[in-house]
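Scroll down for the structure; my scribbles are underneath it.
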DNA sequence: CATGGGATTGACT
DNA sequence: GTCAATCCCATGC
């Protein structure tokens, strides 16, 4: 498989968030297929870039195809792919992976030797821990750096959209994308349209 | 320089 | 269901 080049990311962030479903994140000998993403754009207040260019957001405003990694809640590192042309602050948050290789190493890094496979990377903080992604990866090139994203084979399955998770602003935007029915997405699972009508 | 708030997770009631 | 852990950094004095 081929690493995605900067031009892949240099387009509307919502397009990229959808297109990244089914692609593969690789770091060293561990890898997983992306099954859940969220889009963030400088035009809406949930995005870190909303406040403008600061030391923290400089990566977001930089060229596309770069990793934006930041610390969340003082504990977790969260992995994003910077999108849109340089000068526009936008990124796709990688929220969940389906592990495909290096699963033993993932469990070892997670400190949970017997953790269920569908719990191993089912959250943005969990997958960075499993892959060994740290703040040192911030600013790395996703086409040739330590963390890379490879092109997917093309996703034929349904991708659900829904509201983003864990934010307090712009909660109404349906900018979360999940591979339908996949067991490795984070909670809460998106509700398929038309389901749960009866009560 | 002091403060406050998270794009979360896991443990516990 | 509730809640603490923990640190970067934006903001305000």
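Residue numbers (the working numbering): 67 to 265. All C-beta atoms in this analysis are idealised placements derived from N, C-alpha and C, irrespective of residue type, glycine included. Just so we're clear, the structure is a prediction, and the values are computed from it rather than from any experiment.
Query: If you compare alpha carbons, which of 242, 178, 71 is closest to residue 105?; Result: 242
Query: So, for residue 265: in the same chain, excluding its five sequence neighbours on each side, which residues have a beta-carbon less than 6 angstroms away from its beta-carbon?; Result: For residue 265, the predicted structure reports a pLDDT of 32, less than 50, and the residue's modelled location is therefore unreliable. A value from the coordinates is still provided. For residue 265, where only same-chain residues beyond five positions count, there are no Cβ hits under 6 angstroms.
Query: Less than 8 angstroms between the beta carbons of residue 250 and residue 101, yes or no?; Result: yes
Query: Let me make sure I understand the geometry here. Which of 173, 98, 160 has the alpha-carbon closest to that of residue 82?; Result: 160
Query: From what residue to what residue does the beta strand (DSSP E) around residue 166 run?; Result: 156–167
Query: If you reduce the DSSP assignment to three classes, tell me which class residue 214 lands in.; Result: strand
Query: Would a C-beta distance cut-off of 8 angstroms place residue 239 and residue 90 closer than the cut-off?; Result: no
Query: Spell out a yes or no on whether the stretch 117–128 and the stretch 139–156 are touching, meaning 3 or more CB-CB pairs, one atom from each, closer than 8 angstroms.; Result: yes
Query: In the DSSP assignment, find the beta strand (DSSP E) that holds residue 138 and state where it starts and stops.; Result: 133–138
Query: Can you list, in chain order, the residues of its chain with a C-beta nearer than 6 angstroms to that of residue 80? Leave out the 5 residues immediately preceding and following it.; Result: 105
Query: Apart from the five residues just before and just after residue 111, which ones in its own chain have a Cβ nearer than 6 angstroms to its Cβ?; Result: 235, 236
Query: Might you give, ordered along the chain, the residues of its own chain that have their beta carbon closer than 8 angstroms to the beta carbon of residue 263, omitting 5 neighbours on each side?; Result: Low per-residue confidence applies at residue 263: pLDDT is 48, beneath 50, and the placement is therefore not dependable enough to give any value.
Query: My guess is that residue 132 and residue 148 are in contact by the Cβ rule of under 8 angstroms, so how many angstroms apart are they, rounded?; Result: 4 angstroms
Query: Using three-state DSSP, classify residue 107 as helix, strand or coil.; Result: strand
Query: Excluding the 5 residues flanking residue 176 on each side, which residues of the same chain have their C-beta closer than 8 angstroms to its C-beta?; Result: 186, 192, 195, 196
Query: Write down the C-beta distance between residue 167 and residue 73 rounded to the nearest angstrom, noting that I regard them as a contact closer than 8 angstroms.; Result: With a Cβ gap of about 27 angstroms, residue 167 and residue 73 do not count as contacting.
Query: My output table needs one value for residue 230: the three-state DSSP class, helix, strand or coil.; Result: coil
Query: Just reading off the alpha helix (DSSP H) that residue 194 is part of, what are its end residues?; Result: 190–197
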